[in-house]
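Participant: Following numbering that gives the first Met the number 0, the numbering of the sequence shown begins with 0 at its first residue and continues without gaps.
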Amino acid sequence: MAKVSKSLQQAIESLHIADVYLKATRAQSQDEFDPKFFDAQTELQVQQMHVVRRSEVIQIEGDGQLLRIYIRLGARWIMPREGDEPEVKAFVEGDYIAEYQMVVPLEQAAIDEFALKNASYHVWPYWREFLSSQCERLRLPRVVLPTTQFSRQ
0 MAKVSKSLQQ
10 AIESLHIADV
20 YLKATRAQSQ
30 DEFDPKFFDA
40 QTELQVQQMH
50 VVRRSEVIQI
60 EGDGQLLRIY
70 IRLGARWIMP
80 REGDEPEVKA
90 FVEGDYIAEY
100 QMVVPLEQAA
110 IDEFALKNAS
120 YHVWPYWREF
130 LSSQCERLRL
140 PRVVLPTTQF
150 SRQ
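1. Apart from the five residues on each side of it in sequence, which residues of its chain come closer than 8 Å, Cβ to Cβ, to C134?
2. Return the chain-ordered ranges of every alpha helix (DSSP H) run that is complete within the region 3 to 52 and spans a minimum of 4 residues.
3. Using DSSP with H/G/I as helix, E/B as strand and the rest coil, what is V122?
4. Below 8 Å CB to CB, which residues in the same chain sit around E112 once its five sequence neighbours on both sides are set aside?
5. In this structure, does DSSP put L144 in helix, strand or coil?
6. Using three-state DSSP, classify D94 as helix, strand or coil.
7. Rounded to the nearest angstrom, what separates E42 and I70 at their Cα positions?
8. Is it a yes or a no for the region 82 to 89 touching the region 51 to 62, going by three-plus beta-carbon pairs under 8 Å?
9. Quick one: give me the first and last residue of the beta strand (DSSP E) that L65 is part of.
10. Verify whether the separation of the beta carbon atoms of R25 and Q46 is less than 8 Å.
11. Suppose contacts are defined by Cβ-Cβ distances below 8 Å. Is D94 in contact with K22 by that definition?
12. Secondary structure at E112, three-state DSSP: helix, strand or coil?
13. Please report the straight-line C-alpha distance between Y125 and V19, rounded to a whole angstrom.
14. Tell me which residues share the same chain as L72 and place their Cβ nearer than 6 Å to its Cβ, disregarding the 5 neighbours each side in the sequence.
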């Protein structure tokens, strides 16, 4: 198991999850792509996206500080093309915000390390459920995501 740095441990002890919510979403299936009757579904590949976009500390009047971490997640169904960019047939994306009550003020380095190494674990279950339901609604091939998928750094 990877050793946790001192600054990351301080962040873990200082931050208490308050909320996780979806800020924006985009989902589309291309006009010529009918996922229910697409003959070459075995050729479709799924690519995933995971980006920790930014963080911000907000002063809450009379209630201390709140840390917000913005995370974008996505999946796209593609047809590979030799020597070219793949052809995107469909995609589902979501922008999430994870909010943490900050018990003790933290240095930016500790916030950054927490954002990159821990926040996605809190968002991941919400993304798994959202992607699964969007696949069903759009009749896209199902994607079953593992309970966690992040490598230790």
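Ideal placement from N, C-alpha and C gives every residue a C-beta, glycine not left out. Every value quoted in this text rests on a predicted model; they were computed, and no experiment measured them.
Facilitator: Answer, in terms of the structure:
1. So the qualifying residues of the chain are V91, P140, R141 and V142.
2. Runs of the alpha helix (DSSP H) inside the region 3 to 52: 5 to 13.
3. It is helical.
4. Cβ-Cβ distances below 8 Å link E112 to S4, S6, L7 and A10 in the same chain, with the five nearest sequence neighbours on each side left out; the list follows chain order.
5. Note: L144 maps to coil in three-state DSSP.
6. Strand at D94.
7. Spanning the two alpha carbons is a distance of roughly 29 Å.
8. The region 82 to 89, when compared against the region 51 to 62, does not touch it at the 8 Å Cβ threshold.
9. DSSP places L65 in the uninterrupted beta strand (DSSP E) bounded by G63 to M78.
10. No; because the gap between Cβ atoms is not below 8 Å, this pair is not in contact.
11. Yes, the Cβ-Cβ distance between D94 and K22 is below 8 Å.
12. Correct three-state label for E112: helix.
13. A direct Cα-to-Cα measurement between Y125 and V19 gives close to 8 Å.
14. Answer for L72: H49, G93 and W126, listed in chain order.
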